[in-house]
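Going by my numbering, the first residue of the sequence shown is number 1127, and it counts up by one from there.
Contents: one structure, followed by commentary.
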Amino acid sequence: MQFYSEMLKTHPRGMQIQNLDMIAECIRACFECAQACTDCADACLAEANVKNLVRCIRHNQDCADICDATGRVLSRQTEPAIEVFRSQLQSCITACNSCASECEIHAGHHEHCRICALACRMCEDSCNKLLKSMRQ
């Protein structure tokens, strides 16, 4: 069960930002992507050719941290700083795009990279949709 929407609905001040479902989806995508990137970095470390995966591991780690932070920032609805939300979403979009591009290079040889790239693209898409909705 996903609790993001339910938790956001219970906020004493109500939603400070519209698009509850879109925010909840973006939070979910961010946390799933952070986990996929963490798992991919760990799997890359276990590969025989780890030397060839250093760049991928670095992108995984950066993306995981940025996605985790984005999910947490979006979860906070008390007195939101919309410019911070926008900036964080843009950082997440950039990190996801970069990580996905790197993982796609290795996806033909490593299934974990293929899966991670998909998670990154989904998160990137979700963040883009939310960011566009906030500009309206």
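Each residue gets a CB set at the ideal place from its N, CA and C atoms; glycine is no exception.
Just so it is clear, the structure is predicted and the values come from calculations on it, not from any experiment.
Per DSSP, reduced to three states, the secondary structure at glutamate 1205 is coil, with no helix or strand assignment. Taking arginine 1181 as reference, the option from Met1260, His1235, Ile1231 with the minimal CA-CA separation is Ile1231. Contact between cysteine 1246 and threonine 1196 is absent: CB atoms are separated by about 13 Å, not below the 8 Å threshold. About 12 Å separates the CB atoms of alanine 1233 and cysteine 1225; that is not less than 8 Å, and the two are not in contact.
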